[in-house]
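These notes are about the structure you will find just below.
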Ligand SMILES: [Zn+2]
């Protein structure tokens, strides 16, 4: 059983490595899980977020790993450290508290959870899996990367995807034909035809074009670094997310009663 699960990740790993259309091959890429199922929650970031010095250290360690499982552990450790670093820590603690409050995860101690249990509950992935800078990424790279991401999603089958940043949101919106699952009149400008990530931050969306037998919800969030620069949104960052999570939790418990 376990063997076939590992194979799924290795398949994705190999597909990207062997893909003639994937750029940045020389930069190395990351995986934060060594199996694809079962995961209810998936976090999709737009590209790796730590400093270039830390990236080099991480890649050096990852490249010396003997197998995928070990390599994944290296990436998880760096990711946990990044999450626990100063301003990120405040965000992730409040983020996890919401999941706990709505009984989506079991959480006692934040640091212990982030270091040891987080990756059992959350499948983490990057839209662009290579260690490139944001300025190196062009639209064509994003358009292509989303095909690999879609394949990954079809294997992991998450029920709730939390997306970070504009590029991930735009990619998922198109790919899954996302429609708002909650009313938003109370919160923002009534002119909603522009569903930019800052306009829809924290809202629950449902896919109108899901893979067969797979219901997918998405909550878009602005990029974590953008959050620190945007005073207006920063104050509401968690408050808006709460409503999306609350609605998802309600939907989740009602669908469990039916089945
Ligand atoms: Zn490719």
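Numbering (our numbering), first residue to last: 63 to 321. In this text, a Cβ means the ideal position worked out from N, Cα and C, and glycines have one as well.
Looking at C-alpha atoms only, which residue of the options is the closest neighbour of residue i?
| i | options | result |
| --- | --- | --- |
| residue 171 | 159, 269, 191 | 159 |
| residue 84 | 179, 140, 192, 301 | 192 |
| residue 204 | 316, 189, 178 | 189 |
| residue 142 | 165, 181, 118 | 181 |
| residue 259 | 208, 212, 234 | 234 |
Taking a contact to mean a Cβ-Cβ separation below 9 Å, would you say residue i touches residue j in this structure?
| i | j | result |
| --- | --- | --- |
| residue 134 | residue 224 | no |
| residue 187 | residue 303 | no |
| residue 226 | residue 161 | no |
| residue 108 | residue 196 | yes |
| residue 168 | residue 155 | no |
| residue 116 | residue 94 | no |
| residue 262 | residue 215 | no |
If you follow the alpha helix (DSSP H) that residue i is in, where does it begin and where does it stop?
| i | result |
| --- | --- |
| residue 228 | 228-238 |
| residue 18 | Absent from the model: residue 18. The displayed extent of the chain is 63 to 321, so no value can be given. |
| residue 185 | From DSSP, residue 185 is part of no alpha helix (DSSP H) but of the beta strand (DSSP E) over 184-188. |
| residue 115 | 114-125 |
| residue 160 | 148-163 |
| residue 268 | Segment 267-269 is the beta strand (DSSP E) holding residue 268; no alpha helix (DSSP H) there. |
| residue 140 | 130-145 |
Who are the near neighbours of residue i in its chain, counting only those whose CB is closer than 7 Å to its CB and skipping five residues on each side?
| i | result |
| --- | --- |
| residue 73 | none |
| residue 98 | 67, 70, 71, 217, 218 |
| residue 129 | none |
| residue 264 | 281, 283, 302, 303, 305, 306 |
| residue 212 | 237 |
| residue 123 | 136 |
What does a CB cutoff of less than 6 Å around residue i pick up in its chain, not counting 5 residues either side in sequence?
| i | result |
| --- | --- |
| residue 219 | 276 |
| residue 101 | 185, 218, 220 |
| residue 145 | 154, 176 |
Over the uninterrupted beta strand (DSSP E) stretch that includes residue i, give me the two end residues.
| i | result |
| --- | --- |
| residue 106 | 103-107 |
| residue 217 | No beta strand (DSSP E) contains residue 217, which is instead part of the alpha helix (DSSP H) from 201-218. |
| residue 283 | 279-283 |
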